[in-house]
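Below is one structure; the comments refer to it alone.
In UniProt numbering, the protein residues as written are 1 to 59.
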């Protein structure tokens, strides 16, 4: 009797990924600072992140 029989079935891997961000005015409304949190979950791992983006008013 063999120990393992290979299967032709494909394994489906699922991942949930979400990001939450909000822009705050700064320096008399000349800049917008956008902090963001991100989270990614899958069956075998988890990843998280923290980011920030700054946008300047056009000249």
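All C-beta atoms in this analysis are idealised placements derived from N, C-alpha and C, irrespective of residue type, glycine included.
Query                                                                                                                  : Result
heavy atom of the ligand NAD below 7 Å from residue 33 C-beta                                                          : Among the components of this structure there are no ligands whatsoever, and the ligand NAD is therefore not found.
Integer-rounded CB distance, given that residue 36 should sit under 8 Å from residue 54                                : So it is not a contact: roughly 12 Å between Cβ atoms.
Reduced DSSP secondary structure (H/G/I, E/B, other) of residue 43                                                     : coil
Closest by C-alpha distance to residue 50, when choosing among 39, 58, 56                                              : 39
Close-in-space but distant-in-sequence residues of the same chain around residue 15 (CB under 8 Å, 5 per side omitted) : 40, 41, 42
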